[in-house]
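Numbering (my numbering), first residue to last: -17 to 59. Notes follow the structure.
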């Protein structure tokens, strides 16, 4: 996955903890920036975490998936 895309999604997801309306704005802004349909980002968030920003998953290889989009820790700086 493109590191730039991951960074933008992390930044957008990081600001989305406040409310559903704020989350919608974040998805719209991130989608516009990446030139993708915002419904794609919403679908990923639903599939990965059921739209739960606090979601955390520990994998058998020792990595961790964080947040709404379940970004894996190997992609973090």
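For glycine and all other residues, C-beta sits at the position ideal for the given N, C-alpha and C.
Would you list the one or two residues that DSSP bridges to residue i?
i, result
"residue 15", "The partner list for residue 15 (beta bridge, DSSP) is empty, contrary to what the question assumes."
"residue 53", "48"
"residue 39", "47"
For a test of the three-state rule: what should DSSP assign to residue i, helix, strand or coil?
i, result
"residue 23", "helix"
"residue 5", "helix"
Please report the Cβ distance between residue i and residue j, rounded to the nearest whole angstrom; I am assuming they are in contact, meaning their Cβ atoms lie under 8 Å.
i, j, result
"residue 50", "residue 39", "About 12 Å separates the two Cβ atoms, so there is no contact after all."
Here's a check: name, in chain order, each residue in its chain whose Cβ is nearer than 6 Å to the Cβ of residue i, leaving out the five neighbours to either side.
i, result
"residue 24", "9"
"residue 47", "39 and 54"
"residue 45", "54, 55 and 56"
If you drop the 5 nearest sequence neighbours on each side, which residues of the same chain put their C-beta closer than 8 Å to that of residue i?
i, result
"residue 31", "37, 49, 50, 51 and 52"
Please return the same chain residues whose Cβ sits closer than 7 Å to the Cβ of residue i, not counting the five positions on each side in sequence.
i, result
"residue 19", "13"
Could you tell me which of the options sits nearest to residue i, measuring between CA atoms?
i, options, result
"residue 41", "35, 29, 27 and 56", "56"
"residue 5", "35, 44, 43 and 22", "35"
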